[in-house]
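S.K.: In this note's numbering, the protein residues as written are 2 to 207.
Glycine included, each C-beta is placed from N, C-alpha and C at the ideal position.
If you scroll down you'll find the structure; I have some questions about it.
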């Protein structure tokens, strides 16, 4: 795909410059559509990012000891999508709210109300949403297109007509979409290109 090629070409010469510091309670599931291998060491909490928009999927997990019962309780959140921009030489830090016990941890796991701070301790803009709601929003923004029946004996003409109908429907929905929906659509396209690129890379390795 041409768009995927241009995407890879743009990032092929990019030097990792941005840095994001994460607390040990936060696990990175994926970065820009690619699975992330977390370190087993709690001190290894920094990740490097290429300049530009980032789409991270993060999870929260913490363990609370119950010394009376000699047991423990694990609090874990659902995956959350975090979208933000990082520039060259940016040093960002993900900050958790104050969590003093299990109940506060459960409340946080439901809200995932984290904040991003820059090197000057100023708040950095970030978009946060539950992964399932984010995917549902993408599906709502981009309705399933109805396929055109294939005419027997004229496969080439039928496919061409189907492509034209799909393109016209896409243009129609784009004109009706709000600016927010258009931004979500562009983010969706970027994510899909990254997933395709990663899949193609795995095929080449095989």
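Determine the extent of the alpha helix (DSSP H) in which residue 111 is found, giving its start and end residues.
M.R.: 103-112
S.K.: Identify, in the order they occur along the chain, each residue of the same chain with its Cβ nearer than 6 Å to the Cβ of residue 84, setting aside the five sequence neighbours on each side.
M.R.: 56 and 128
S.K.: Classify residue 31: buried if its beta carbon has 16 or more other beta carbons within 10 angstroms, exposed otherwise.
M.R.: Counting the other CB atoms within 10 Å of its CB gives residue 31 a total of 16 or more, which places it among the buried residues.
S.K.: Tell me the DSSP secondary structure of residue 123 in three-state form.
M.R.: If DSSP states are grouped into helix, strand and coil, residue 123 belongs with coil.
S.K.: For residue 86, does the three-state DSSP call read helix, strand or coil?
M.R.: strand
S.K.: Return the Cβ separation of residue 19 and residue 52 in integer angstroms, given the expectation that the two are a contact with Cβ distance under 8 Å.
M.R.: 6 Å
S.K.: Going by CA-CA distance only, name the one from 21, 33, 29 and 24 that's closest to residue 192.
M.R.: 33
S.K.: Consult DSSP for residue 138 and reduce its assignment to one of helix, strand or coil.
M.R.: If DSSP states are grouped into helix, strand and coil, residue 138 belongs with the helices.
S.K.: Within a Cβ cutoff of 6 Å, which residues of the same chain sit near residue 189, ignoring the five residues on either side of it in sequence?
M.R.: 139
S.K.: Would you mind working out which of 106, 104, 182 and 95 sits nearest residue 115, comparing C-alpha positions?
M.R.: 95
S.K.: CB residue 82 to CB residue 135, shorter than 7 Å?
M.R.: In contact: residue 82 and residue 135 (Cβ atoms closer than 7 Å).
S.K.: Just the Cα atoms here: how many angstroms apart are residue 65 and residue 106?
M.R.: 9 Å
S.K.: Where do the N-terminal and C-terminal ends of the beta strand (DSSP E) with residue 27 fall, by residue?
M.R.: Boundaries of the beta strand (DSSP E) around residue 27: 27-32.
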